[in-house]
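The next block holds one structure in the form of C-alpha cells; read it before the comments.
Residue numbers (this note's numbering): 1 to 98.
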C-alpha cells in the first residue's frame with residue numbers, strides 16, 4: 001500500500017508487527033515524543049483544511065473537540081463526513097454543558 005490510503009489488508013500487516021503499549025511513552029522516549037508532535041501537527045493542519053470547507057464548526061479553533069460552540073454547530077447543521085459517528089459520546093455531547 002502506498003500514499004495516504006489505509007485498507008483492511010493493512011490491519012493484518014500491522015497486527016503481525018510486534019508492538020508494546022507504553023503508558024506516558026512520550027515522556028520516556030524521544031522517538032515517541034517526536035511521533036506525538038508530528039501527529040499533532042498533522043492533525044492541526046488537517047483540521048484547518050476541513051475548517052475551510054465547513055467553517056461553521058470552527059474546527060480551526062476547537063480542532064474537533066466537543067466544545068459548546070462545536071456541539072451547537074452540530075445541533076444546527078448536523079454532522080459532516082468528517083465527524084466520527086462511531087464516537088460513543090456523540091449523542092451525549094449534544095446535551096451536556098461545559
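All C-beta atoms in this analysis are idealised placements derived from N, C-alpha and C, irrespective of residue type, glycine included.
If you're wondering where the values come from, they're calculated on a predicted model, not measured in any experiment.
Alpha carbon of residue i to alpha carbon of residue j, nearest angstrom
i: residue 60; j: residue 51; result: 6 Å
i: residue 41; j: residue 47; result: 10 Å
i: residue 66; j: residue 85; result: 13 Å
i: residue 20; j: residue 54; result: 37 Å
i: residue 18; j: residue 35; result: 18 Å
i: residue 73; j: residue 64; result: 12 Å
i: residue 49; j: residue 83; result: 14 Å
7 Å Cβ shell around residue i - same chain, five flanking residues per side excluded
i: residue 70; result: 57, 58 and 62
i: residue 30; result: none
Check: residue i C-beta below 7 Å from any heavy atom of the ligand NAD
i: residue 17; result: Among the ligands in the structure shown, none appear at all, so the ligand NAD cannot be discussed.
For residue i, the three-state DSSP class (helix, strand or coil)
i: residue 20; result: coil
i: residue 70; result: helix
i: residue 51; result: helix
i: residue 63; result: coil
Whole-Å CB distance - residue i paired with residue j, under 8 Å assumed
i: residue 33; j: residue 26; result: 4 Å
Residues near residue i by beta carbon distance below 6 Å, same chain, minus five either side
i: residue 77; result: 56
i: residue 80; result: 54
i: residue 12; result: none
Proximity test, Cβ basis, 8 Å: residue i and chain B
i: residue 42; result: Of the protein chains in the structure, only one exists, and it is not chain B.
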